[in-house]
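Residues in the sequence shown are numbered consecutively from 17, following this note's numbering.
Just so it is clear, CB atoms sit at the ideal spot from N, CA and C, and this is done for glycine as well.
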Amino acid sequence: MRSELAAGLAERAAQGLYRRRRVLESPQGPVVRRDGREFLNFCGNDYLGLANHPEVVRAFALGAERWGAGGGASHLVCGHTAAHHALEEELAVFAGRERALLFSSGYMANLGVIAALTGRGDSVLEDKLNHASLIDGGLLSGARFSRYGHADVASLQEKLAGCGSRRKLVASDGVFSMDGDVAPLPQLAAAARSYGAWLMVDDAHGLGVLGANGGGSLEHLGLGQEDAPILMGTLGKAFGVCGAFVAGCEELIETLIQQARTYIYTTSLPPAVAEATRASLRLAQSEGWRREKLRALVRRFRAGAEALGLELMSSDTPIQPVLVGANEAAVAASERLAEAGVWVAAIRPPTVPAGTARLRVTLSAAHDEAQVDRLLDALAEALRP
Ligand code: PMP
17 MRSELAAGLA
27 ERAAQGLYRR
37 RRVLESPQGP
47 VVRRDGREFL
57 NFCGNDYLGL
67 ANHPEVVRAF
77 ALGAERWGAG
87 GGASHLVCGH
97 TAAHHALEEE
107 LAVFAGRERA
117 LLFSSGYMAN
127 LGVIAALTGR
137 GDSVLEDKLN
147 HASLIDGGLL
157 SGARFSRYGH
167 ADVASLQEKL
177 AGCGSRRKLV
187 ASDGVFSMDG
197 DVAPLPQLAA
207 AARSYGAWLM
217 VDDAHGLGVL
227 GANGGGSLEH
237 LGLGQEDAPI
247 LMGTLGKAFG
257 VCGAFVAGCE
267 ELIETLIQQA
277 RTYIYTTSLP
287 PAVAEATRAS
297 LRLAQSEGWR
307 REKLRALVRR
317 FRAGAEALGL
327 ELMSSDTPIQ
337 PVLVGANEAA
347 VAASERLAEA
357 GVWVAAIRPP
367 TVPAGTARLR
377 VTLSAAHDEA
387 QVDRLLDALA
397 EALRP
């Protein structure tokens with residue numbers, strides 16, 4: 017076994033595709049420690065700066081004191097506490113839906129929802145740049161699975177026209193995780209409606225960030241439950257903790273409770289996680305200045321990067337990839353940034369299409385202008401030809 021696996025690993029390394037973890041020695045924040053040094057952190061998803069917020073941390077600690085450390089069982093056995101229940105009710109209000117259901121991660125939510133709602137004879141249609149968990153959910157479901165061109169509504173319509181009369185589910189990221197662009201949701205919703213399909217939006221990177229109240233890409237584009245009846249959101253990004261939820265009508269949520277295997281056959285999140293998330297949800301809603309500050313930092317970064325001639329993507333969100341192209345070049349640039357004390361992850365295939373390796377810069381309301389300027393200086397240096 018060992019030599020066979022070693023050969024596979026060596027091949028991956030030769031292609032510049034070897035993935036390495038870094039050991040963090042500090043909490044999340046704009047400045048983190050690793051390898052005994054401090055780094056400016058521009059690769060996390062803590063968009064609102066809530067992962068280490070004192071009120072959230074305190075709610076977590078008090079939650080652990082009140083509820084203990086673990087969920088103890090699945091939700092359907094004896095793991096569904098009043099803390100989980102209250103968070104679900106608050107998430108439903110936040111999302112403007114009848115109900116919300118907690119999942120232990122976004123990955124599990126996407127797998128569970130798609131496989132619960134569709135099966136053999138049905139069709140699942142997805143944007144080709146959707147997150148891996150949506151893609152995997154489509155493959156796992158056993159439904160006829162097809163991908164349409166990125167944000168390409170005509171390509172979706174063509175595929176919808178070719179589907180039979182059985183159930184059709186269209187799934188899209190709200191904000192694409194590696195490009196940062198917002199999906200053309202009004203057009204996707206119209207296409208889904210005209211073919212009798214259901215639209216599912218994974219707003220992992222939009223919720224908390226986009227929309228005046230942080231309601232995400234749907235609020236940003238003025239859409240609601242009738243447009244996208246299935247909304248998935250994660251709790252480990254803008255909300256700074258972990259887990260995910262699905263929000264929608266009563267019947268959707270009850271169907272998921274009966275049929276979503278990643279909901280039924282897994283231990284509930286620790287109740288303290290639910291308490292911490294209740295605190296961060298309150299902050300995310302009440303402190304609109306975090307979204308405004310983030311938007312201003314995004315504008316500052318884009319203006320600076322454009323002035324430097326860096327190749328940006330068409331994104332107004334905190335995900336601001338800088339295109340590099342070759343895998344090795346992206347890794348080398350990330351290493352040069354690290355030497356300058358700036359941490360930006362290099363993203364390579366298969367996470368992104370071949371030839372589009374990039375530095376995935378992410379901004380947070382916890383950053384300040386001077387830190388964004390330091391990032392720009394370091395990028396100019398690291399990408400100098
Ligand atoms: N959907 C999208 C668009 C994501 O970016 C991610 C996380 N990278 C997920 C789902 C999975 O969420 P989680 O990390 O909670 O499993």
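Problem set entry | Boundaries (first-last residue) of the beta strand (DSSP E) holding D62 | Here residue 62 is taken as the residue at index 46 of the sequence shown, counted from 1. No beta strand (DSSP E) holds D62; DSSP gives it neither H nor E.
Exercise. What do you get for C94, buried or exposed, if any count of 16 or more other CB atoms within 10 angstroms of its CB means buried?
Worked result: On the sequence shown, residue 94 is found 78 positions in, with the first residue counted as 1. Exposed is the call here.
Exercise. Thinking just about the alpha-carbon of each residue, which of P401, A276 and D389 is nearest to the one in H91?
Worked result: The residue given as residue 91 occupies position 75 in the sequence shown. Between H91 and the set P401, A276 and D389, the nearest pair of CA atoms involves A276.
For this session: Would you mind reading off the limits of the beta strand (DSSP E) that contains P337?
Result: Taking the sequence shown and counting its residues from 1, the one referred to as residue 337 is at position 321. In the DSSP assignment, P337 falls within the unbroken beta strand (DSSP E) covering I335 to G341.
Exercise. Roughly how far, in whole angstroms, is the beta-carbon of P245 from the beta-carbon of L226, given that I think they are within contact range, below 8 Å?
Worked result: Taking the sequence shown and counting its residues from 1, one reaches residue 245 at position 229. Taking the sequence shown and counting its residues from 1, one reaches residue 226 at position 210. About 19 Å separates the Cβ atoms of P245 and L226, ruling out a contact at the 8 Å cut-off.
For this session: Name the two residues that bound the continuous alpha helix (DSSP H) containing T271.
Result: As a first step, residue 271 must be located in the sequence shown, where it is residue number 255. Start and end: E266 to Q275.
Problem set entry | Member of D143, S193 and S380 whose CA lies at the smallest distance from the CA of L204 | On the sequence shown, position 188 is the one that residue 204 refers to. Cα-wise, what sits closest to L204 is D143.
For this session: With hydrogens ignored, establish whether the beta-carbon of G122 is closer than 8 Å to any heavy atom of the ligand PMP.
Result: As a working note, residue 122 is residue 106 in the sequence shown. Yes, the ligand PMP has a heavy atom inside 8 Å of this Cβ.
Exercise. CB of T250 to nearest heavy atom of the ligand PMP: below 8 Å?
Worked result: The residue you call residue 250 lines up with position 234 of the sequence shown. Placement of the Cβ of T250 at a distance of less than 8 Å from at least one heavy atom of the ligand PMP is found.
Exercise. Quick one: does the C-beta of H221 sit closer than 8 Å to a heavy atom of the ligand PMP?
Worked result: For the purposes of this step, residue 221 is identified with residue 205 of the sequence shown, where counting begins at 1. Distances taken from the Cβ of H221 to the heavy atoms of the ligand PMP include one shorter than 8 Å.
For this session: Ignore the nearest five residues each way along the sequence and tell me which others in V314's own chain have a CB closer than 8 Å to its CB.
Result: Against the sequence shown, residue 314 aligns to sequence position 298. Excluding its 5 nearest sequence neighbours in each direction, V314 has C-beta neighbours in its own chain below 8 Å: D332, T333, P334, Q336 and L379, listed in chain order.
Exercise. Using the beta-carbon count (16 or more within 10 Å), is E104 buried or exposed?
Worked result: Numbered from 1 along the sequence shown, position 88 holds the residue referred to as residue 104. E104 is buried by the Cβ-count criterion.
For this session: Give the range of the beta strand (DSSP E) segment to which T378 is assigned.
Result: As a position in the sequence shown, residue 378 is number 362, starting the count at 1. Counting along the chain, the unbroken beta strand (DSSP E) around T378 starts and ends at A373 to T378.
Problem set entry | Alpha carbon of F261 to alpha carbon of G32, nearest angstrom | Numbered from its first residue, the sequence shown carries residue 261 at position 245. Numbered from its first residue, the sequence shown carries residue 32 at position 16. The alpha-carbon atoms of F261 and G32 are separated by roughly 35 Å.
For this session: Please say whether K253 and G231 have beta carbons closer to each other than 9 Å?
Result: Taking the sequence shown and counting its residues from 1, the one referred to as residue 231 is at position 215. Taking the sequence shown and counting its residues from 1, the one referred to as residue 253 is at position 237. In terms of Cβ geometry, G231 and K253 do not form a close pair [threshold 9 Å].
Exercise. If P46 sits next to A382, beta carbons under 8 Å apart, how far is it from one beta carbon to the other, in whole angstroms?
Worked result: Position 30 of the sequence shown, counted from the start, is the residue given in the question as residue 46. Position 366 of the sequence shown, counted from the start, is the residue given in the question as residue 382. Contact between P46 and A382 is confirmed by a C-beta separation of about 5 Å, below the 8 Å threshold.
For this session: Compute the minimum distance between the beta carbon of H147 and the heavy atoms of the ligand PMP, and state whether it is under 8 Å.
Result: As a first step, residue 147 is located in the sequence shown; it is residue number 131 there, counting from the start. True, at least one ligand heavy atom lies under 8 Å from that Cβ.
Problem set entry | Straight-line Cα distance separating P366 from E81 | Stepping through the sequence shown from its first residue, residue 81 is reached at position 65. Stepping through the sequence shown from its first residue, residue 366 is reached at position 350. So the two alpha carbons sit approximately 42 Å from each other.
For this session: Identify the continuous alpha helix (DSSP H) that holds A98 and give its terminal residues.
Result: Mapped onto the sequence shown, residue 98 falls at position 82. Counting along the chain, the alpha helix (DSSP H) containing A98 begins and ends at A98 to A111.
Exercise. Is L146 near F192, with beta carbons less than 9 Å apart?
Worked result: As a first step, residue 146 must be located in the sequence shown, where it is residue number 130. As a first step, residue 192 must be located in the sequence shown, where it is residue number 176. Strictly speaking, residue 146 in this sequence is Asn, with Leu absent from that position. For the 9 Å CB-CB criterion, N146 and F192 form a contact.
Exercise. Is the CB-CB distance between Q241 and R113 below 9 Å?
Worked result: Position 225 of the sequence shown, counted from the start, is the residue given in the question as residue 241. Position 97 of the sequence shown, counted from the start, is the residue given in the question as residue 113. Against a cut-off of 9 Å, the Cβ pair of R113 and Q241 comes out as a contact.
Exercise. Hey, is the stretch 149-167 in contact with the stretch 187-201, meaning 3+ C-beta pairs nearer than 8 Å?
Worked result: Taking a cut-off of 8 Å on C-beta distances, the stretch 149-167 touches the stretch 187-201, as three or more cross pairs fall below it.
Problem set entry | L272 versus D219: straight-line alpha-carbon distance, rounded | Reading the sequence shown from its first residue, position 256 is the one you call residue 272. Reading the sequence shown from its first residue, position 203 is the one you call residue 219. C-alpha separation (whole angstroms): 18 Å.
Exercise. Taking C-alpha atoms, which residue in G128, V140 and T282 lies nearest to A159?
Worked result: Position 143 of the sequence shown, counted from the first residue, corresponds to residue 159. Considering only G128, V140 and T282, the residue with the shortest C-alpha distance to A159 is V140.
Problem set entry | For S330, the three-state DSSP class (helix, strand or coil) | Locating residue 330 in the sequence shown gives position 314, where the first residue counts as 1. Of the three classes helix, strand and coil, the one that applies to S330 here is coil, per DSSP.
Problem set entry | Closest by C-alpha distance to D243, when choosing among S233, E344 and T250 | For the purposes of this step, residue 243 is taken as the residue at position 227 of the sequence shown. The shortest C-alpha to C-alpha distance from D243 to any of S233, E344 and T250 is the one to S233.
Exercise. Beta carbon of A258: closer than 8 Å to some heavy atom of the ligand PMP?
Worked result: By one-based count along the sequence shown, residue 258 stands at place 242. The sequence shown places Cys at residue 258, rather than the Ala named in the question. Checking the Cβ of C258 against the ligand PMP gives yes.
Problem set entry | the ligand PMP heavy atom lying under 8 Å from the CB of L25 | Your numbering for residue 25 matches position 9 in the sequence shown. It does not: the Cβ of L25 is nowhere closer than 8 Å to a heavy atom of the ligand PMP.
Exercise. Can you list, in chain order, the stretches of the alpha helix (DSSP H) that have 4 or more residues and sit fully within the stretch 186-255?
Worked result: DSSP runs (the alpha helix (DSSP H)) wholly in the stretch 186-255: 201-210 and 232-236.
Problem set entry | Buried/exposed call for E385, threshold 16 Cβ in 10 Å | Here residue 385 refers to the residue found at position 369 of the sequence shown. With fewer than 16 other Cβ atoms within 10 Å, it is exposed.
Exercise. With burial defined as no fewer than 16 other Cβ atoms inside 10 Å of the residue's Cβ, what is the status of Y279: buried or exposed?
Worked result: Taking the first residue of the sequence shown as position 1, residue 279 is located at position 263. With 16 or more other Cβ atoms within 10 Å, it is buried.
Problem set entry | C-beta atoms of A263 and A108 nearer than 9 Å | Position 247 of the sequence shown, counting from 1, holds the residue named residue 263. Position 92 of the sequence shown, counting from 1, holds the residue named residue 108. With a cutoff of 9 Å on beta-carbon distance, A263 and A108 are scored as near each other.
Exercise. So, helix, strand or coil for V72, using DSSP?
Worked result: For the purposes of this step, residue 72 is identified with residue 56 of the sequence shown, where counting begins at 1. V72 carries a helical assignment under DSSP once its states are collapsed to helix, strand and coil.
For this session: Please indicate yes or no: does the CB of S210 lie closer than 8 Å to some heavy atom of the ligand PMP?
Result: On the sequence shown, position 194 is the one that residue 210 refers to. Not under cutoff, so the answer is no.
Exercise. For E308, which three-state DSSP category applies?
Worked result: Here residue 308 refers to the residue found at position 292 of the sequence shown. Helix, per DSSP.
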